[in-house]
Amino acid sequence: MTKRTESKYKINRRLGVNLWGRAKSPVNKREYGPGQHGQRRKKPSDYGVQLMAKQKLKGYYGNISEKSFYKYYEEAVRRKGDTSENLIEILERRLDAVIYRMKFAVTPFAARQFVSHGHVTVNGQKVNIPSYMVKDNDVIEVREKSKQFAVVLDAAQSSERDVPEYMEVDHRAMKGKFLRTPKLADVPFPVQMDPNLVVEFYSR
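Heads up: the sequence shown runs through residues 2 to 205, numbered per my numbering.
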């Protein structure tokens, strides 16, 4: 098991949830946190609840750095409309999130690496920046030389999750389109997410 994978599953155990809905997650057998004090349980404060909501959301998208995540929050505040909905929209438009949603990678971590290694095009142009913001009707495609990678084929054939309705995908062509802005209710999170608590956390 790689260091990254160990870290990923520690997030699951620390938060006590199967964050990505994966059958392999150790939290399915051990719902307590990692380490010698992991089995101790205490009722969290309001701050603790908000912090947990932030860690869940940040962790779900591949454990985004705190600096980047806070920038997304600031951008969500600047935009018109509901800040929590805006935050989800921004996160769902990240290219690595789109690759994960389209089932070209099995985890957000794998999707980030896949983009970074230059295996993806947006509207025919190679993009290797995981945080690149995808726009409505952008066409995302796995590059020709990468379409037969076993990890890509395995992800596309996985039955663990479905492609959401705000995207359309042709897995035979390894190509998809980001159709529209998703709302929180549209996003297929395996566990409950509370972006409103994240907003409260940062607006203290």
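No residue lacks a Cβ here, since even glycine has one placed at the ideal position from N, Cα and C.
Predicted, not measured: the structure shown is a model, and the values here were computed from it.
Item: Do you know whose CA, among 151, 133, 74, lies nearest residue 84's CA?; Value: 74
Item: Could you tell me the distance, in whole angstroms, from the CA atom of residue 29 to the CA atom of residue 156?; Value: Because the pLDDT of residue 29 is 48, which lies under 50, any placement of that residue in the model is unreliable, and the number read from its coordinates should be weighed accordingly. Answer to the nearest angstrom: the Cα atoms are 21 Å apart.
Item: Looking only at its own chain, which residues have a Cβ that is under 6 Å from the Cβ of residue 106, when we skip the five neighbours before and after it?; Value: 100, 112, 115, 156
Item: Could you please give me the residues that DSSP links to residue 134 through a beta bridge?; Value: 95
Item: Which value, in whole angstroms, describes the spacing of the CA atoms of residue 48 and residue 56?; Value: 12 Å
Item: Just to confirm the assignment, what range does the beta strand (DSSP E) spanning residue 143 have?; Value: 140-143
Item: Helix, strand or coil for residue 190 per DSSP?; Value: coil
Item: By Cβ distance, which residues of its chain are closer than 6 Å to residue 148, with the 5 residues on each side in sequence left out?; Value: 175
Item: Rounded to whole angstroms, what is the Cα-Cα separation between residue 109 and residue 169?; Value: 19 Å
Item: According to DSSP, which residues form a beta bridge with residue 123?; Value: 126, 141
Item: For residue 173 and residue 193, what's the separation of their Cα atoms in angstroms?; Value: 32 Å
Item: On the CB-based measure, 16 or more other CB atoms within 10 Å of its CB, does residue 87 come out buried or exposed?; Value: buried
Item: Could you say which of 20, 18, 46 lies nearest to residue 202 if we only look at CA atoms?; Value: 46
Item: DSSP state of residue 155, grouped into three classes?; Value: helix
Item: Apart from the five residues just before and just after residue 94, which ones in its own chain have a Cβ nearer than 6 Å to its Cβ?; Value: 134, 135
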